[in-house]
Amino acid sequence: MTELEQVGERWDYAPAPESREIVQLRDRYGHYVGGTWREATDTYTTISPSSEEPLAQVGQGTAADVDAAVAAAREAFPVWGALRPAERAKYLFRIARILQERSRELAVLESLNGGKPIKESRDVDLPLAAAHFFYYAGWADKLEYAFPNSTPRPLGVAGQIIPWNFPLLMLAWKIAPALAAGNTVVLKPAETTPLTALVFCDVLRQAELPPGVVNILTGDGRTGAALVEHPGIDKVAFTGSTEVGKEIQRRLAGTGKRLTLELGGKAANVVFDDCALDQAVEGIVNGIYFNQGHVCCAGSRLLLQESIAEQAVDKLKRRLGTLRVGEPLDKNTDVGAINSAQQLAKIRELVASGEEEGAEIFQPECRLPEKGYWFAPTVFTNVAQSYRIAQEEIFGPVLSVLTFRTPEEAVEKANNTAYGLSAGVWTEKGSRILWMAERLRAGVVWANTFNRFDPTSPFGGYRESGFGREGGLHGLAPYLELGE
Ligand code: NAP
Ligand code: MG
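Count along the sequence shown from 1, add 56, and you get the number used in my numbering.
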């Protein structure tokens, strides 16, 4: 045993579980349509991925449910869209404040249903979800200033489909700008993480949002497909995989419906030899192990300048040994559960391909719980650009390390991907940051930090990462008609 390990043994953390008491779930949920609960004809069981424990029965939305939800949104639109903008803002401010008031409850539920560590749902998901409502509430009555020389008008009904990695936060990214612009909404959360969206319906009731302005249908991809194809919607906003995004784009071609797509990524995190290395190692860890790597903009390809590669990998491996993997509701947990059995299988398959193709795998020793879905934080070295683990999105806690010698080579390798969502640069030189940012084909480039989000800052991709922006002023435009 090394000296470091001995210290670790002596100073092991005591369990610090967050209480589940604050979450009161019903046994069964329907769909939220027209301000009331619509009985679900078909249901499925949603579980906790960290224990496989059933949490509730939720609806599998049918074509009839989609019809009802779109009809409710259509009916609500003329009134909501014509409401005095300052009045619309009041509702959004109310929702934001209620999210803050109920943030502990919603954070616990997010960790329970999705497997993410409580410190992340508590310190990232919830504060950011509330911040998005606050931010767009502020714009609701200033749209003509946001888009000068135009007459901004809402589009109508937006059909919104979100993934499971940041369930409530993605809901906020979708609903807040749509409502601020005067649209009404039908939203479908991901199959595996419907619960915070369902509790959010209760938040809407508390805020006394007029019926039909927001409708929520749960279910799997079939519900999503029925929503996308419904003739009663004017716009589709989708966040999810590139594969499904492409399918949606095909379906919508020629229909005149507006579309924004936020899809996958394979971000390069580029580390130069002049950076503050210890800080960079923290950024690398945050870049790929945050939210178990279930992050579209995760820094999943680490590009190290050759002169510091060995040292950086050593430091990284040592740091990995200190990550605490386990119970999501423990306040000391750094890496929680993988979201679903399906996602775990996908991660395992890609990791096996990395080993077969010849990459060298490293995983720190960690005891994984017996029940639930888990994957140890993983680093691959000796990775060639052609390997699947350097090309495909793994969407798990798996990092592929590549090296480079010159800035030109770094750019070349960073851009050698079909995606273009985000990138990171670590260097002491401001001029180099700007030089790199100009050349990296990515919607977001972080410098000396990673995975920073702010409602005022637009987010979105190039190429196979999609099109359209969420956040900031840019995030309002897709929900508005900006003609004369
Ligand atoms: P996904 O399978 O594409 O699912 C996304 C959403 O679409 C889910 O609600 C899903 O329902 C639904 N869906 C599935 N098939 C559909 C269809 N044919 N028509 C309409 N909707 C359909 O993606 P995922 O596996 O849940 O999420 C991971 C992916 O999302 C990753 O590739 C990640 O990069 C991407 N992502 C991107 C961003 C971004 O902002 N760019 C953010 C987060 C995630 P089910 O839940 O039943 O599958
Ligand atoms: Mg899916």
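Quick reminder that beta carbons are idealized off the backbone N, C-alpha and C, glycines included.
- Rounded to whole angstroms, the separation of the alpha carbons of Glu-413 and Thr-459 is 17 Å.
- By DSSP's assignment, Phe-418 forms a beta bridge with Val-435.
- Distances taken from the Cβ of Asp-98 to the heavy atoms of ligand 1 include none shorter than 7 Å.
- The DSSP assignment places 223-236 and 251-262 as complete runs of the alpha helix (DSSP H) inside the stretch 209-274, in order along the chain (cut-off: 4 residues).
- For Ala-163, the closest alpha carbon among the candidates Gln-419, Gly-499 and Pro-384 is that of Pro-384.
- Spanning the alpha carbons of Thr-248 and Asn-395 requires a straight line of approximately 8 Å.
- Per DSSP, Pro-110 is one residue of the beta strand (DSSP E) stretching across 110-115.
- Apart from the 5 residues on each side of it in sequence, Leu-148 sits with its Cβ closer than 7 Å to the Cβ of Phe-189, Tyr-192, Ala-193, Ala-196, Ala-232, Leu-235 and Ala-236 in its chain, given in chain order.
- Sequence-distant Cβ neighbours of Glu-468 in its own chain, meaning closer than 6 Å and more than five residues away, do not exist here.
- A Cβ-Cβ separation of about 4 Å places Leu-477 in contact with Ser-521 under the 8 Å criterion.
- At the C-beta level, Arg-158 and Val-259 come within 8 Å of one another.
- Around the beta-carbon of Arg-140, fewer than 16 other beta-carbon atoms lie within 10 Å, marking it exposed.
- Our two residues, Glu-176 and Pro-105, have alpha carbons roughly 16 Å apart in a direct line.
- Boundaries for Ala-498: no beta strand (DSSP E) harbours it, and the DSSP string shows neither H nor E there.
- Thr-118 is the residue among Phe-431, Ser-206 and Thr-118 whose C-alpha sits nearest the C-alpha of Gly-280.
- The Cβ-Cβ distance between Trp-93 and Thr-240 does not fall below 8 Å.
- For Gly-522, the shortest separation between its Cβ and any heavy atom of ligand 1 lies below 7 Å.
- Arg-444 sits in a helix when the DSSP states are folded into three classes.
- The secondary-structure analysis by DSSP pairs Pro-73 across a beta bridge with Asp-386.
- Look at Pro-219: its beta carbon is less than 7 Å from one of the heavy atoms in ligand 1.
- Going by C-alpha positions, Tyr-429 is about 14 Å away from Cys-422.
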